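One structure below.
Residue numbers (the numbering used here): 2 to 477.
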């Protein structure tokens with residue numbers, strides 16, 4: 002009953018989340034081939050720097066608005082004072098961060114980051130930082146459809162603008178597209194919530210904001226650490242090798258890793274409300290059972306993706322992305338392998354939210370970032386992008402390991418079911434001996450996936466009654 006209600010409420014959000022992936026695929030197919038490995042590597046470095054800069058000014062606004070806006074509206078206080086104060090604070094923080102980032106970027110990258118590139122990056126960071134206030138407020142107002150609409154819209158706009166502007170102006174045009182996307186999205190979302198901002202409250206009232214910022218601090222730290230962990234690889238490779246091509250050979254498979262991880266996170270996070278309700282109503286055993294099922298299904302999804310790529314990926318890369326990226330296959334294998342520990346890490350994230358212990362998740366992210374940097378400093382100089390892929394795999398295992406230890410009682414059933422599902426993925430291995438051409442390999446991947454599905458039913462990892470229940474819940 003709880004699962005059915007949750008699925009109905011989130012179905013439109015999940016649909017909009019899924020809608021972004023065709024644009025992601027088109028980006029992967031069109032943009033690297035258009036730019037070439039060398040130029041794409043520089044573009045990937047700049048987009049990573051932008052993401053890290055934006056994460057530094059996040060302030061946990063989504064969680065603050067999500068927690069307090071419903072309460073303020075229920076009390077009849079309105080949200081204008083909170084929203085306007087936070088917008089004023091964000092303006093100060095974003096302007097100061099952009100002003101400080103420019104000389105730091107120029108000092109760190111010198112002629113590799115020309116003044117106009119640095120200015121475009123800082124301007125895009127400022128636009129993205131300010132627009133994030135409107136995004137977060139839309140979430141707090143429970144306008145989840147509009148909130149989720151930002152993902153496919155961002156991907157569609159970004160793809161169209163980068164294709165047009167790169168052809169016209171080269172790399173500066175591609176960076177200009179980043180700024181324009183943030184301006185367009187910010188204008189749209191501020192228009193949607195324009196009535197929630199009042200000029201008389203547009204100031205930084207420290208006494209008023211302090212309890213809200215204190216609440217959002219751990220979320221701010223967590224999302225900042227997560228972004229740094231996911232996006233630091235490009236900067237680390239460029240810093241240690243000064244080779245933009247190596248950056249490109251890491252960034253493309255890292256995007257596959259990020260896309261897969263983001264999709265599984267959407268699936269797992271969708272059940273946070275129902276898990277919380279189960280815990281509050283004394284049904285913890287049911288919570289743990291459902292979380293184990295979620296871990297199982299996401300592990301199955303990752304196994305199919307990894308096994309299919311292992312069989313057919315090597316020949317598909319030069320066809321789909323371009324011959325310049327043929328050498329990324331080993332990196333992609335390593336990074337897709339990292340999705341398996343990430344499945345369990347994401348389950349740990351859900352438990353940290355449900356049980357109200359975000360500090361455990363933050364601690365695990367700190368361990369992951371430290372292990373990534375340490376392994377990267379050791380492995381990137383001799384092995385380039387491949388060393389960074391290994392560092393990502395190591396840090397993913399560290400992240401999962403810390404969370405498994407911290408939530409061992411809750412995660413034990415999910416860990417067991419997930420590992421069994423992953424272990425049956427050995428059925429993909431015999432197909433490697435039969436690999437030939439592209440079509441043959443794609444056919445082998447399909448057959449191996451079907452055999453894997455049969456084995457899951459045979460070993461009762463998948464159950465028809467359970468699947469029928471999920472279908473009924475999805476139909477509402």
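Beta carbons: idealized from backbone N, C-alpha and C, even for Gly. Quick caveat: nothing in here was measured; it's all calculated off a predicted structure.
Are the CB atoms of residue i and residue j nearer to each other than 8 Å?
i	j	result
residue 540	residue 64	Residue 540 is absent from the model: the chain starts at 2 and stops at 477.
residue 308	residue 449	yes
residue 89	residue 204	yes
residue 439	residue 317	yes
residue 394	residue 338	yes
residue 137	residue 362	no
residue 51	residue 126	yes
residue 276	residue 259	no
residue 367	residue 226	yes
residue 288	residue 280	yes
residue 265	residue 299	yes
residue 377	residue 237	yes
residue 509	residue 62	Given a span of 2 to 477 for the chain in the structure shown, any question on residue 509 remains unanswerable.
residue 1	residue 445	Examination of residue 1 is not possible in this model, given that the chain is present from 2 through 477 alone.
residue 21	residue 153	yes
residue 112	residue 173	no
residue 348	residue 296	yes
Identify, in the order they occur along the chain, each residue of the same chain with its Cβ nearer than 7 Å to the Cβ of residue i, setting aside the five sequence neighbours on each side.
i	result
residue 199	81, 85
residue 139	147, 148, 190, 193, 194
residue 420	none
residue 333	254, 257, 310, 314
residue 508	Beyond the ends of the chain as shown, which are 2 and 477, falls residue 508; an answer cannot be given.
residue 175	44, 163, 166, 167
residue 206	86
residue 329	250, 253, 254, 318
residue 36	44, 167
residue 18	149, 152, 267
Hey, could you find the ends of the alpha helix (DSSP H) residue i is sitting in?
i	result
residue 181	172 to 193
residue 137	116 to 141
residue 378	359 to 384
residue 419	409 to 424
residue 242	207 to 242
residue 1	What the structure shows of the chain is the stretch from 2 to 477, and residue 1 is not part of that stretch, so it cannot be assessed.
residue 54	38 to 57
residue 452	439 to 459
residue 314	285 to 321
residue 282	Premise fails: residue 282 is in no alpha helix (DSSP H) and is neither H nor E.
residue 436	Here residue 436 belongs to no alpha helix (DSSP H), and DSSP marks it neither H nor E.
residue 69	62 to 76
residue 95	81 to 110
Can you name, in chain order, every residue of its own chain whose Cβ lies under 6 Å from the Cβ of residue i, other than the five neighbours on each side?
i	result
residue 479	No answer is possible for residue 479: it lies beyond the span of the chain, which begins at 2 and ends at 477.
residue 10	Confidence is the limiting factor: at residue 10 the pLDDT is only 48, short of 50, which leaves the residue's position unreliable, though a coordinate-based value still follows. There are no such residues.
residue 407	361
residue 29	none
residue 443	313
residue 305	450
residue 235	45, 46, 49, 248, 252
residue 41	33, 249
With distances taken from CA atoms, which of the options is nearest residue i?
i	options	result
residue 365	219, 213, 139	219
residue 303	129, 257, 170, 290	257
residue 397	210, 242, 381, 373	373
residue 326	32, 20, 16	32
residue 382	243, 208, 211, 48	243
residue 410	356, 368, 391	356
residue 441	314, 455, 97	314
residue 123	354, 96, 142, 110	96
residue 245	19, 454, 38, 25	38
residue 454	227, 433, 196, 425	425
residue 155	144, 423, 145, 187	187
residue 221	437, 21, 53, 375	53
residue 391	331, 248, 348, 418	331
residue 384	340, 241, 320, 370	241
residue 344	185, 422, 322, 142	422
residue 26	76, 261, 144	261
Check whether chain B comes within 8 Å of residue i, counting only Cβ atoms and requiring the distance to be less than that.
i	result
residue 300	The structure shown has no chain B; it contains just one protein chain.
Among residues of its own chain, excluding the 5 on either side of residue i, which ones have a beta-carbon nearer than 8 Å to its beta-carbon?
i	result
residue 2	Residue confidence is low: residue 2 scores 47 on pLDDT, short of 50, so the model does not pin down where it sits. Its coordinate-derived value is still stated next. Here the set comprises nothing.
residue 170	177
residue 106	50, 114, 119, 122, 123
- Task: Indicate whether the contact test is met: 3 or more Cβ pairs, each with one atom in the region 97 to 110 and one in the region 153 to 170, closer than 8 Å.
- Result: Under the three-pair Cβ rule at 8 Å, the region 97 to 110 does not count as touching the region 153 to 170.
- Per the contact definition of three or more C-beta pairs closer than 8 Å, is the region 261 to 270 in contact with the region 51 to 62? Not touching, per the Cβ criterion.
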